[in-house]
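Presented below is the structure to which this report refers.
Residue numbers (my numbering): 759 to 1032.
So this is what it looks like as C-alpha cells:
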C-alpha cells in the first residue's frame, strides 16, 4: 500500500507536507465517528498550493494517509511535539475541537498504535531521513521546508486569531539564523499578510528531530492559516482566488531558501542551475 509520494529535486532543498493526506484504510474508517471521518484538522490542498515547488528544483515528500491514522509530526515515544501546547496523540483520539474520532470502545490499543507506526509512520520518516542525508552528502548542505496549515482560530491551543504566516525553527535550534533573517525579511515586506517567528507555533517533531545545523541539515516549519487559501469550514473548498494572492509570497520564501542553500552548497550543481 502506497503511503506517501516522493519526487526528488535538483537542489539541496526538500519540501515535506506530512498532514495533507486524507486516505483512511477501510478497517480503520469502520471504527471512526462521522466527525472523525470528516477530518476537520487535515492540511487540505497544500500539495495544490505548493505545486510550483518542482519548477524551483525542490524535491517533495507528501503523505497520503490522514493524520488521524497516524500523525507524522508526533514522536511515537510520546514526547510533546511542541512544549506548552495541549498534547495530541500519535494516533489522535479527538479532533482539535475535542470531538471523539472513534466510536466508543473502538479506540486503537497499543498493539494497533504500534502497527500503524510501523505501517504508516516509519516509511515516511525513513524516506525523509534518507533524502536529507543524501542531499547533504551530495551538496554539502540540506534544507527541509516542512509545510503545514492551520485554522486561523483554534481555541484548544491558542487564544484569538493566529498570524497568517507562522514560521517555526524550534526556538532557533533547527536552522541557521542568517536563513531565518532572510525569510522574515520576505514576510515583513508584505502589507497583506501578518507573520510571526517562533510565536504560538514554534515547530513540531519533524523539524526538531531533523534540523541539525551543526551537521549542515537545516529545517524550517511554516504553518499557514487556512483562511489565506481555502474555506476553513466544511466542505473545506480550495479557493483559487485566495490562493492566487498568497502564492507569490510562498514562491518568494522558497526561492530564498533555494538561493541560500546554493550559496552554502559545496557539491556539484546540475547544469540547469549553473
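Just so you know, even glycine gets a beta-carbon here, dropped at the ideal spot from N, CA and C.
In the displayed model, residue 1004 falls within a helix according to three-state DSSP.
For residue 936, same chain residues with a beta-carbon under 8 Å away, outside a window of 5 residues either side, are 1018 in chain order. The three-state reading of DSSP puts residue 924 in strand, counting E and B together. For residue 880, the closest alpha carbon among the candidates 902, 895, 998 and 835 is that of 835. Burial of residue 988 is indicated by the presence of at least 16 other C-beta atoms within 10 angstroms of its C-beta. In the DSSP annotation of this structure, the continuous segment of the beta strand (DSSP E) that includes residue 771 starts and ends at 771-775.
With distances taken between CA atoms, residue 765 lies nearest to 820 out of 867, 1007, 1008 and 820.
Residue environment for residue 760: exposed (fewer than 16 other C-beta atoms within 10 angstroms of its C-beta). Here the alpha carbons of residue 951 and residue 763 stand approximately 30 Å from one another. Scanning its chain for C-beta atoms nearer than 7 Å, with the 5 sequence neighbours on each side dropped, one finds around residue 797 the residues 780, 824 and 826, in chain order. Rounded to the nearest whole angstrom, the CA to CA distance from residue 948 to residue 888 is 35 Å.
About 6 Å separates the beta carbons of residue 928 and residue 969, which is inside the 8 Å limit, making them a contact pair. If you look at residue 981, you'll find it in the beta strand (DSSP E) that goes 975-983.
By DSSP's assignment, residue 817 forms a beta bridge with 772. Look at residue 902 here: in three-state DSSP terms it is strand. The Cβ atoms of residue 810 and residue 773 lie no closer than 8 Å to each other. According to the DSSP assignment, residue 935 belongs to the alpha helix (DSSP H) that extends over 935-946. Residue 873 and residue 1021 have their C-alpha atoms some 42 Å from each other.
With 16 or more other Cβ atoms inside 10 Å of its own Cβ, residue 802 counts as buried. Short of 7 Å from the beta carbon of residue 822, and not among the five residues preceding or following it, lie these beta carbons of its own chain, in chain order: 760, 761, 762, 763, 779 and 781.
Sorting 997, 1010, 1014 and 923 by C-alpha distance to the C-alpha of residue 979 places 923 at the top. Pairing residue 783 with residue 870, the inter-Cα distance amounts to about 13 Å. Around the beta-carbon of residue 986, 16 or more other beta-carbon atoms lie within 10 Å, marking it buried. Residue 903 and residue 788 have their C-alpha atoms some 34 Å from each other.
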